[in-house]
Amino acid sequence: MSTNKLIHIERVNEEIARVAFANPPVNLISPETVSELHKVVTELCNDPKLKVAVFASDVDDYFYNHFDLAKLAEFPTPVSPEANPIWTDIVLKLTHAPFISIASIRGRTRGGGNELALAMDLRYASLEKAFFGGGSEWLPRFIGRDRAIEAILGSDDYDAQTAERFGWVTRAISDDNLDAFVSVIAKRFASFDRQALIGAKAQINRATLPKDEDFISSYREFSAAMAWPSVMERLRQMGMLVGHIGVGEMEKNLGYYLGARSRDK
Amino acid sequence: MSTNKLIHIERVNEEIARVAFANPPVNLISPETVSELHKVVTELCNDPKLKVAVFASDVDDYFYNHFDLAKLAEFPTPVSPEANPIWTDIVLKLTHAPFISIASIRGRTRGGGNELALAMDLRYASLEKAFFGGGSEWLPRFIGRDRAIEAILGSDDYDAQTAERFGWVTRAISDDNLDAFVSVIAKRFASFDRQALIGAKAQINRATLPKDEDFISSYREFSAAMAWPSVMERLRQMGMLVGHIGVGEMEKNLGYYLGARSRDK
Amino acid sequence: MSTNKLIHIERVNEEIARVAFANPPVNLISPETVSELHKVVTELCNDPKLKVAVFASDVDDYFYNHFDLAKLAEFPTPVSPEANPIWTDIVLKLTHAPFISIASIRGRTRGGGNELALAMDLRYASLEKAFFGGGSEWLPRFIGRDRAIEAILGSDDYDAQTAERFGWVTRAISDDNLDAFVSVIAKRFASFDRQALIGAKAQINRATLPKDEDFISSYREFSAAMAWPSVMERLRQMGMLVGHIGVGEMEKNLGYYLGARSRDK
Chain A
1 MSTNKLIHIE RVNEEIARVA FANPPVNLIS PETVSELHKV VTELCNDPKL KVAVFASDVD
61 DYFYNHFDLA KLAEFPTPVS PEANPIWTDI VLKLTHAPFI SIASIRGRTR GGGNELALAM
121 DLRYASLEKA FFGGGSEWLP RFIGRDRAIE AILGSDDYDA QTAERFGWVT RAISDDNLDA
181 FVSVIAKRFA SFDRQALIGA KAQINRATLP KDEDFISSYR EFSAAMAWPS VMERLRQMGM
241 LVGHIGVGEM EKNLGYYLGA RSRDK
Chain B
1 MSTNKLIHIE RVNEEIARVA FANPPVNLIS PETVSELHKV VTELCNDPKL KVAVFASDVD
61 DYFYNHFDLA KLAEFPTPVS PEANPIWTDI VLKLTHAPFI SIASIRGRTR GGGNELALAM
121 DLRYASLEKA FFGGGSEWLP RFIGRDRAIE AILGSDDYDA QTAERFGWVT RAISDDNLDA
181 FVSVIAKRFA SFDRQALIGA KAQINRATLP KDEDFISSYR EFSAAMAWPS VMERLRQMGM
241 LVGHIGVGEM EKNLGYYLGA RSRDK
Chain C
1 MSTNKLIHIE RVNEEIARVA FANPPVNLIS PETVSELHKV VTELCNDPKL KVAVFASDVD
61 DYFYNHFDLA KLAEFPTPVS PEANPIWTDI VLKLTHAPFI SIASIRGRTR GGGNELALAM
121 DLRYASLEKA FFGGGSEWLP RFIGRDRAIE AILGSDDYDA QTAERFGWVT RAISDDNLDA
181 FVSVIAKRFA SFDRQALIGA KAQINRATLP KDEDFISSYR EFSAAMAWPS VMERLRQMGM
241 LVGHIGVGEM EKNLGYYLGA RSRDK
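This is the structure:
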């Protein structure tokens with residue numbers, strides 16, 4: 001296994017791995033994280049013994065956050081213009097991976113981080129400590145067109161109970177029990193034959209997965225939108241605001257600050 | 001803006017419009033309403049400043065009701081046989097509209113009125129005063145095959161709490177708070193850039209919209225079914241019943257009267 | 001109507017039939033049941049008066065269970081290799097049937113039995129006495145990708161309240177009221193014109209049904225998987241366990257015994 005700075009990997013046993021996002025203070029998706037995550041997911045996919053990978057966070061209050069928009073120009077690009085964007089490649093690899101991926105969500109997850117959680121096979125969220133925002137390609141398929149419009153265009157955070165009710169997460173579990181619950185279910189999956197897990201997942205994928213092309217065009221649209229003058233102006237304003245209030249305050253109440261213009265009117 | 005008799009339009013500001021259905025006593029979809037609504041929706045779609053349109057009702061106890069089946073022959077027809085039916089054109093325009101449409105639902109909504117509500121981007125329903133019935137093309141996509149069969153074939157009314165649980169509405173909100181809630185969320189959407197709203201909606205549409213052709217054939221099937229002898233006989237019976245009990249009593253308990261034959265057996 | 005050993009048919013009146021699975025002690029899907037069920041469903045589909053068929057169980061604690069894997073070699077095969085598998089033909093006939101099918105679920109339903117219940121138009125489950133497991137082709141479409149992965153790969157049983165919350169059943173109803181509720185709704189459907197029921201169902205099917213080919217390949221994959229050495233070994237182990245604890249104990253706690261390997265690790 002490769003060594004990584006921003007993504008920790010721990011092997012519970014040869015069938016179960018624990019992967020933790022670790023980019024303090026607010027677990028943004030940075031260019032380096034994307035490169036590391038791509039390497040990690042590729043390695044996990046090539047591991048012939050692995051049956052279950054649990055994704056968690058080693059940063060308090062944040063599971064996995066949105067893209068670090070201040071570093072947009074530095075994100076890794078594919079080797080050729082025809083190749084899939086690196087981020088999309090991560091999402092697609094994870095979806096079709098020959099193991100079961102479980103997001104064990106404690107803290108905030110938004111934008112790209114939320115899309116990654118939605119690309120995993122299962123999502124268990126801390127009832128008290130998980131909060132959710134945005135994410136454009138997967139979310140409508142799980143919570144429906146109207147609730148996705150409310151969440152994505154409204155940019156507010158949702159608590160875990162609402163997320164469970166909407167179908168955004170598989171289950172909301174009281175924070176005390178989350179780790180034990182995930183550990184038991186990971187072991188249970190690992191008790192089955194790898195071939196059976198892969199076969200059943202492939203069959204379920206056929207019934208439920210969006211087309212690969214949708215993810216690719218989705219990422220391209222996101223990248224293009226980041227270059228719009230109106231978006232760049234809003235990013236500039238948000239950047240100035242971060243200078244005043246600090247990134248911690250900003251991220252803890254992102255919905256509030258994104259909505260500030262509406263309240264000022 | 002055009003003047004209308006059966007549809008009221010009020011401009012909250014240049015970014016937000018309020019549209020109200022006003023065809024007392026029970027807000028049926030009449031031939032005139034369809035013509036006016038088509039004009040209103042077309043104008044809203046062509047307004048380069050508009051960001052949010054809130055659709056409500058100015059008739060007590062009814063949001064927007066089913067087609068007025070006594071006037072079936074008078075409904076407007078498209079200019080050529082190849083053109084979309086006018087009603088379908090309204091639904092499609094609304095779905096792809098370059099603004100966010102919000103249904104603020106107080107009172108009963110059924111059949112065509114319910115399909116129109118489901119074609120909007122968001123649905124907020126009065127917990128105490130909203131009731132729902134039927135609607136064949138959109139409903140299965142929101143609440144699933146089985147619950148749609150129960151609702152459409154059973155012809156009963158559903159309260160707002162059940163509607164929220166099934167995914168029929170985005171949220172059920174206590175009647176006291178409904179107007180304030182919708183006003184806040186409309187202003188919040190309007191605080192974002194129009195281009196961003198349109199872009200996000202287009203992306204969500206791609207993931208969730210039925211094909212345009214489905215709406216067109218759906219409306220054609222509905223029109224054809226209205227000419228079946230068995231349907232015409234039932235309509236005739238219902239018409240006689242209205243003569244005895246009045247349209248208000250009939251519409252308030254439509255599910256009961258439609259189901260009367262089953263209880264008499 | 002044909003006489004059957006393992007499937008009881010009772011005619012409530014000429015518009016409503018009651019079909020009951022009756023293969024004690026645990027209502028397994030045996031080769032004979034498949035042959036009988038195929039005959040029964042074909043006859044019901046050809047009955048020009050029938051409007052509603054209620055499917056129930058005459059075996060305590062089991063609605064309809066998984067395939068009897070000890071008799072895999074004896075299941076009926078289609079007349080030619082190109083024809084649909086008999087089981088798939090039952091599912092497809094039921095889905096497109098010119099009557100409304102209602103599953104009135106009391107007891108456990110799993111695997112193939114659960115898939116059959118999901119192929120029906122409506123599912124009403126005893127709040128206290130219905131339990132659900134597995135089923136690979138329909139389930140993801142009703143409860144979503146993640147919850148289907150949890151249920152199918154985890155092999156645990158779910159109670160009726162969870163099943164209703166996930167969208168696995170139309171409604172969970174207290175056991176006391178289940179029979180009366182189903183009887184009322186069956187009569188209500190039967191009060192409508194048969195042509196209207198068929199037309200509405202066809203329209204809803206168009207919006208919601210998986211492709212026929214998916215069911216066919218799904219059954220073929222299931223049959224193929226049963227021949228995998230790892231699956232055959234697990235079946236052999238389960239068969240030995242049944243010899244020790246009895247089929248009643250095994251079936252009542254199937255999730256526990258399937259998961260036993262994970263707890264022993």
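Chains as they are written, first to last, in the working numbering: chain A, 1 to 265; chain B, 1 to 265; chain C, 1 to 265. We put the beta carbon where it would ideally sit given N, CA and C, even for glycine. Quick caveat: nothing in here was measured; it's all calculated off a predicted structure.
Note that the C-beta distance between A:S174 and A:L127 is below 8 Å.
Between the stretch 75–83 of chain A and the stretch 97–107 of chain A there are fewer than three C-beta pairs closer than 8 Å, too few to call the two in contact.
Counted as a single uninterrupted DSSP element, the stretch harbouring C:A130 is not any alpha helix (DSSP H) but the beta strand (DSSP E) occupying residues 122–133.
Going by beta carbons, A:E36 and A:I7 fall inside the 8 Å limit.
C:H96: not part of any beta strand (DSSP E); DSSP gives it neither H nor E.
Between C:L178 and chain A, the shortest Cβ-Cβ separation is not below 8 Å. Cβ contact annotation for A:S101 (same chain, cutoff 7 Å, sequence separation greater than five): A53, F55, L94, M120, D121, in chain order. Here DSSP, grouped into helix, strand and coil, assigns C:T77 to coil. Here B:H66 is buried, its C-beta having at least 16 other C-beta atoms within 10 Å.
With its beta carbon at least 8 Å from every one in chain A, B:Q161 lies outside the interface. Residues of the stretch 194–213 of chain C with a C-beta less than 9 Å from any C-beta of chain A: P210, listed in chain order. Restricting attention to C:E14, C:G134, C:P140, C:E10, the CA atom closest to the CA of C:T208 is found in C:P140. With contact defined as three or more Cβ pairs closer than 8 Å, the stretch 145–154 of chain A and the stretch 187–206 of chain B are in contact. Distances from the alpha-carbon of A:R234 to those of A:F21, A:A186, A:A70, A:V41 put A:A70 closest. With its beta carbon less than 8 Å from one in chain B, A:V231 belongs to the interface. The alpha carbon of B:Y64 has as its nearest neighbour, out of B:A186, B:P25, B:R206, B:A180, the alpha carbon of B:P25.
Using a 10 angstroms sphere on the CB of A:N177, the tally of other CB atoms stays under 16, which defines it as exposed. Annotation: C:P85 has no Cβ neighbours in chain A at a cutoff of 8 Å; minimum Cβ distance is about 16 Å. In this model, B:K5 and B:V247 are separated by some 21 Å (Cα to Cα). Beta-bridge partners of B:F55 (DSSP): B:V19, B:A103. By the criterion of at least three beta-carbon pairs nearer than 8 Å, the stretch 218–232 of chain B is not in contact with the stretch 236–246 of chain A.
Distance from the CA atom of B:D212 to the CA atom of B:D60, rounded to whole angstroms, is 33 Å. Taking a Cβ-Cβ threshold of 7 Å, the residues of chain C close to A:G167 are G144, in chain order.
Rounded to whole angstroms, the separation of the alpha carbons of C:G135 and C:Y219 is 11 Å. Neighbourhood of C:I16 in chain B, by CB distance below 7 Å: empty, with the nearest CB roughly 11 Å away.
The three-state secondary structure of C:V12, taken from DSSP, is strand. DSSP places C:T109 in the strand class (E or B) of the three-state scheme.
Contact of B:S223 with chain C is not assigned, every C-beta pair being separated by 8 Å or more. Annotated as distal: A:R123 and A:V182, with beta-carbon spacing of 8 Å or more. Contact check for C:F132 against C:Y158 passes: the beta carbons are separated by less than 8 Å. Counting of Cβ neighbours within 10 angstroms places C:K51 among the buried residues, the total reaching 16 or more. Remark: C-beta atoms of A:A125 and A:A190 do not approach each other more closely than 8 Å.
Between the C-alpha atoms of B:L72 and B:A225 there is a straight-line separation of about 12 Å.
Taking a Cβ-Cβ threshold of 7 Å, none of the residues of chain A is close to B:R11; the smallest such distance is about 15 Å. DSSP, read as helix, strand or coil, puts B:F181 in helix. The DSSP-derived three-state label of A:A119 is helix.
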